[in-house]
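*Asks:*
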Amino acid sequence: MGVPLSWYLTLSAVLFSIGVTGVLFRSNLIVILMSVELMLNAVNLTLIAFSQYMGDVSGQILVFFVMAVAAAEAAIGLAIVIAIFRNKLTVDINNINLFRH
Amino acid sequence: MDLDLLTVLIVLLPLVGAVLTGLVPLFLRSFRAHKGLLGAVGTLVVAIPFGLAAWIFVQGGSQTHVTSLYTWMAAGDFSVSITYRIDQLSIIMTLVVTGVGALIHLYAVGYMYSDRCFWKFFAYLNLFIFMMLNLVLADNLLVLFLGWEGVGLCSYLLIGFWYEKHKNSVAASKAFIVNRVGDFAFLLAMFILVKELGSLDFGAIFSGMESLSAGSVTAVVLLLFIGATGKSAQIPLFVWLPDAMAGPTPVSALIHAATMVTSGLYLLARLSPLVLMAPGVMMLIAIVGAATALVAATIALTQQDIKRVLAYSTVSQLGYMFMAAGVGAFFVAVFHVVTHAFFKACLFLGSGSVIHGMHHVELELRREGYEGDFDAQDMRYMGGLKKYMPITRWTYLLSTFAIAGIPFTAGFFSKDEILFKAFEFGFDGHTYAWIVWAVGIATALLTAFYMTRSYMLTFEGSSRWPKPSNLHPHESPWSMTLPLILLGALSLVGGFIGLPKVAEEFGLHNWIHGFLVGYEGRAGPVAEPEMHAHVSLWLESALIALGALIAVIGVVWAWRFFARHELGGDELIRGRFGALYQWCRTSYYWDRLYDRSIVRPVIGGAEKVFAPFDQRIVDGLVNAIARIMQAFSWLFGRLQTGIVQNYALAIVLGVVLILALMAF
């Protein structure tokens with residue numbers, strides 16, 4: 002007997018929540034990006050757990066796509082962070098509010 | 010040729026001309042300088058329709074022919090088509106409009122040659138002819154109204170042609186606004202007809218008018234008459250016409266003497282069978298006409314601007330025409346329209362020629378450094394012009410004789426026929442016609458007097474402009490004198506189309522009566538009342554002799570009086586009549602009356618009542634809406650913190666909310 006599905010799902014929910022909390026409440030842009038990665042990987046974990054449980058491989062294929070998108074997202078996100086840092090000499094998101102009304 | 014095609018050509022050619030002389034130079038500026046070409050095109054597109062109309066007239070103008078082009082508007086049972094009607098009445102009006110119109114166009118080539126906006130002038134004139142042809146050729150009241158409004162618009166544009174002077178644009182606005190009062194009544198008349206008959210076609214009106222109640226007939230005719238008083242400058246709406254002289258002189262001749270101002274009369278003649286059914290209104294028409302004729306003649310006697318004399322004279326002559334309409338003699342009214350078009354156009358063009366010459370004198374004077382008063386239109390600065398402008402002088406004298414009614418000129422026949430018809434109508438038991446007749450006789454004397462005065466002050470006596478010995482005006486170019494000669498000739502012989510009944514003794518008959526009213530069982534478009542009593546031949550001869558005598562007395566009297574006193578004559582008359590003279594001089598204070606009773610109360614009321622309304626209610630409403638918008642935008646603007654995490658939080662909360670909704 003392996004690990005039951007509910008454990009995987011619980012772990013993934015916890016990871017996702019940590020990610021959301023990081024995105025919402027941390028002020029460092031790098032950390033926010035990392036939190037986004039954490040959320041994506043939490044979803045990946047769910048997908049794989051279900052794939053294994055259902056005996057269907059398509060969930061694992063979707064994970065590859067998510068990883069590709071996450072790589073792209075990390076590249077663009079980090080580029081933006083660098084661009085912002087060059088302009089404002091900070092990566093604190095509370096100082097970046099140009100769209101303020 | 011096909012009559013439909015001819016009709017369309019007659020109506021549309023002037024419009025084509027308006028486009029060619031108006032829109033083309035508007036966009037292609039280089040064309041504006043080709044004045045000869047523009048003038049030729051502008052004149053030809055009026056002269057060709059005249060030729061076509063003359064061809065129809067010769068071929069058989071006795072047939073009524075209706076050309077239907079297309080359905081203009083259709084709503085349920087009601088529909089109006091663009092239809093034109095060629096019959097005796099419309100063909101005679103078309104001949105006058107295009108014939109006199111073409112001559113005046115030719116004249117304008119010379120008169121306006123040095124004007125900066127020569128092209129625009131011809132575009133407006135052609136547009137006017139197009140609208141006027143719509144008016145006289147229409148087969149239903151709405152197309153007629155289209156032309157009616159169109160000529161009003163062109164009149165406005167041309168009165169204000171020299172808009173750089175504020176006075177001129179004020180005069181243009183005045184003409185337009187006063188006309189609106191009459192147009193409103195015209196519209197109401199059409200509403201009643203649509204409600205009662207369901208159609209505005211002349212045929213439908215004539216066939217359905219028997220079924221109308223007496224009340225609605227009276228209302229319709231009265232309202233149409235009020236409409237006519239606006240366009241044809243009758244009391245109480247005549248005040249715009251004298252001010253309309255602010256326009257260039259060819260405009261005064263064409264629009265404010267020969268054609269447009271007669272359209273009110275044309276309307277009554279066109280609907281004459283209907284008008285005859287409202288005897289009460291006819292009485293009103295005759296009395297208003299007589300009053301206008303007399304009032305305007307007394308004012309004309311006191312004016313010093315040569316064009317204003319002619320303007321009041323036009324109002325007075327229009328009064329004569331309404332007198333004729335009021336005693337049921339519609340064909341005589343149309344006859345007077347025709348002869349009046351000849352001699353009044355000639356008089357106006359003659360005055361234009363004089364002004365042209367005096368303007369030249371003014372320019373020379375100013376160049377020599379003269380800085381005193383001078384007005385090229387004021388008769389006080391004229392005098393003795395017969396030496397320098399012989400053609401203008403002779404044609405002016407001829408048409409003065411015609412308007413005065415010297416025997417065998419055009420005005421003699423038409424005016425005497427009007428007076429005779431008034432007398433005959435009185436003889437037939439309509440007492441009011443006697444009064445009209447008496448006023449007509451008095452006005453005839455005045456007319457002869459004031460017209461001779463204007464001739465004497467302008468052409469005879471000593472020259473009164475500064476430095477008359479070394480400066481003098483010259484005769485105008487041929488393009489101006491040729492129309493003068495033709496119109497002068499017409500005002501000499503034009504009256505023979507309407508011979509009095511006495512002529513039947515010599516085997517001649519009244520052609521225009523037979524043409525318009527019909528004879529030997531053929532009915533024409535113009536109706537006339539049935540006469541029960543007939544005036545005997547000797548009485549008619551006596552009346553004609555009386556008319557002729559009055560005219561001769563008036564002319565000779567004024568001639569001798571002003572030959573002796575020249576300008577001093579006016580002082581003598583003023584001394585004799587005192588306050589009365591002053592009263593006439595200021596047009597019976599009519600303008601002041603309107604100013605005090607209507608214009609100022611309206612403006613004052615607007616300032617007192619509507620300005621606060623405008624500021625508080627209208628502006629307040631707009632501002633309130635703006636403020637509500639501002640409040641909302643402030644509220645939602647608060648959400649835009651610019652901090653990405655707040656937006657992300659909103660997204661998360663939204664997702665949670667949706668999930669919660671799906672779960673429960």
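Residue numbers (this note's numbering), protein chains in the order written: chain V, 2 to 102; chain A, 10 to 673.
For glycine and all other residues, C-beta sits at the position ideal for the given N, C-alpha and C.
Nothing here was measured: the structure is a model prediction, and the numbers come from that model.
Among Tyr122/A, Val190/A, Leu46/A, Ser208/A, which residue has its Cα nearest to the Cα of Ala83/A?
*Replies:* The residue with the shortest Cα to Cα distance from Ala83/A is Ser208/A.
*Asks:* Exposed or buried, what is Pro534/A when buried is set at 16 or more other beta-carbons lying within 10 Å of its beta-carbon?
*Replies:* Label assigned to Pro534/A: buried.
*Asks:* Taking only the alpha-carbon atoms, compute the straight-line gap between Leu46/A and Cys126/A and give it to the nearest angstrom.
*Replies:* If you take the alpha carbons of Leu46/A and Cys126/A, they lie about 14 Å apart.
*Asks:* Could you give the residue range of the beta strand (DSSP E) that holds Met367/A?
*Replies:* Premise fails: Met367/A lies in the alpha helix (DSSP H), 339-376, not in any beta strand (DSSP E).
*Asks:* Under 8 Å between beta-carbons, which chain A residues line up against Phe17/V? List them in chain order, please.
*Replies:* By Cβ distance, chain A contributes nothing, its closest Cβ being about 11 Å from Phe17/V, past 8 Å.
*Asks:* For Asn29/V, decide whether its Cβ has a neighbour in chain A, counting only Cβ atoms nearer than 7 Å.
*Replies:* No, its Cβ sits nowhere closer than 7 Å to a Cβ of chain A.
*Asks:* Is it the case that the segment 324-334 of chain A contacts the segment 342-358 of chain A, given that we only count it when at least three CB pairs across the two stretches are under 8 Å?
*Replies:* Touching, yes, given that three or more Cβ pairs across the two stretches are closer than 8 Å.
*Asks:* Can you give the Cα-Cα distance for Leu104/A and Pro621/A, rounded to whole angstroms?
*Replies:* Going from the Cα of Leu104/A to the Cα of Pro621/A covers about 55 Å.
*Asks:* Mind checking if Ile652/A is an interface residue toward chain V, Cβ cutoff 7 Å exclusive?
*Replies:* Ile652/A counts as touching chain V.
*Asks:* Which class does Tyr397/A belong to by DSSP, given the choice of helix, strand or coil?
*Replies:* The answer is coil: DSSP assigns Tyr397/A none of H, G, I, E or B.
*Asks:* Phe87/A bridges to which residues according to DSSP?
*Replies:* Bridge partners of Phe87/A: Ala84/A.
*Asks:* Classify Thr76/A as helix, strand or coil using the three-state DSSP reduction.
*Replies:* Note: Thr76/A maps to strand in three-state DSSP.
*Asks:* From the DSSP output, in three-state form, read off Trp188/A for me.
*Replies:* Looking at the sequence provided, one finds Asn at residue 188/A rather than Trp. In this structure, Asn188/A counts as helix in the three-state DSSP scheme.
*Asks:* Which value, in whole angstroms, describes the spacing of the CA atoms of Met199/A and Glu205/A?
*Replies:* Cα to Cα, Met199/A sits roughly 10 Å from Glu205/A.
*Asks:* Is it buried or exposed for Gly378/A, if we count other Cβ within 10 angstroms and need 16 for buried?
*Replies:* Exposed: under 16 other Cβ atoms inside 10 Å.
*Asks:* Does the distance from the C-beta atom of Phe458/A to that of Trp446/A stay below 7 Å?
*Replies:* Cβ distance not < 7 Å, so Phe458/A and Trp446/A don't count as in contact.
*Asks:* How far does the alpha helix (DSSP H) with Leu263/A in it extend, from its first residue to its last?
*Replies:* That residue, Leu263/A, is in no alpha helix (DSSP H); it is neither H nor E in DSSP.
*Asks:* Would you check if there are 3 or more beta carbon pairs closer than 8 Å linking the segment 216-232 of chain A to the segment 248-259 of chain A?
*Replies:* With the cut-off at 8 Å, the segment 216-232 of chain A and the segment 248-259 of chain A do not touch.
*Asks:* If Ala413/A sits next to Met465/A, beta carbons under 8 Å apart, how far is it from one beta carbon to the other, in whole angstroms?
*Replies:* The Cβ separation is near 13 Å, so there is no contact.
*Asks:* List in chain order: all unbroken beta strand (DSSP E) runs of 3+ residues lying wholly within the segment 231-274 of chain A.
*Replies:* With a minimum length of 3 residues, no continuous beta strand (DSSP E) run stays inside the segment 231-274 of chain A.
*Asks:* Can you give me the Cβ contacts of Asp387/A inside the same chain, cut-off strictly under 7 Å, excluding the 5 residues immediately before and after it?
*Replies:* The answer, listed in chain order, is Gln313, Asp314.
*Asks:* Could you have a look at Thr418/A and say whether DSSP puts it in helix, strand or coil?
*Replies:* Thr418/A: coil per DSSP, three-state reduction.
*Asks:* From the DSSP output, in three-state form, read off Ile652/A for me.
*Replies:* In the structure shown, Ile652/A sits in coil (DSSP, three-state: anything other than H, G, I, E or B).
*Asks:* Hey, how far is the Cα of Ala309/A from the Cα of Ser545/A?
*Replies:* The alpha-carbon atoms of Ala309/A and Ser545/A are separated by roughly 36 Å.
*Asks:* If you draw a straight line from the C-alpha of Leu668/A to the C-alpha of Leu658/A, how long is it?
*Replies:* Those two C-alpha atoms are separated by around 15 Å.
*Asks:* Using beta-carbon positions only, say whether Thr13/V and Ala43/V come within less than 7 Å of one another.
*Replies:* In the sequence as displayed, the identity of residue 13/V is Ser instead of Thr. Going by C-beta atoms, Ser13/V is nearer than 7 Å to Ala43/V.
*Asks:* On the DSSP bridge assignment, give the partners of Asp210/A in chain order.
*Replies:* DSSP, once it has assigned bridges, lists Asn149/A as partnering Asp210/A.
*Asks:* Just to confirm, are Val343/A and Ala295/A a CB contact at a threshold of 7 Å?
*Replies:* No. Outside cutoff.
*Asks:* Leu25/V versus chain A: which residues are under 8 Å apart at the beta carbon?
*Replies:* Neighbours of Leu25/V on chain A, chain order: Gln654, Ala657, Leu658, Val661.
*Asks:* Give the single residue among Ala63/A, Phe36/A, Ile100/A, Val67/A whose Cα lies nearest to the Cα of His74/A.
*Replies:* Of the candidates Ala63/A, Phe36/A, Ile100/A, Val67/A, the one whose C-alpha sits nearest the C-alpha of His74/A is Ile100/A.
*Asks:* For Val58/V, count the other beta carbons within 10 Å of its own beta carbon; 16 or more makes it buried, fewer makes it exposed. Which is it?
*Replies:* Answer is exposed; the Cβ neighbour count stays below 16.
*Asks:* What number of angstroms, rounded off, separates the C-alpha of Val203/A from the C-alpha of Val370/A?
*Replies:* Each residue's Cα considered, the two are about 57 Å apart.
*Asks:* Rounded to whole angstroms, what's the CA-CA distance from Ala62/A to Thr107/A? Just pull it up for me.
*Replies:* If I take the Cα positions, the gap works out to 8 Å.
*Asks:* Based on DSSP bridge pairs, tell me the residues matched to Tyr116/A.
*Replies:* According to DSSP, which records beta bridges pairwise, Tyr116/A is partnered with nothing at all.
*Asks:* Please list the partners that Asn95/V has in chain A, where partner means a Cβ-to-Cβ separation under 9 Å.
*Replies:* Near Asn95/V (Cβ distances below 9 Å), the residues of chain A are Ile652, Gln654.
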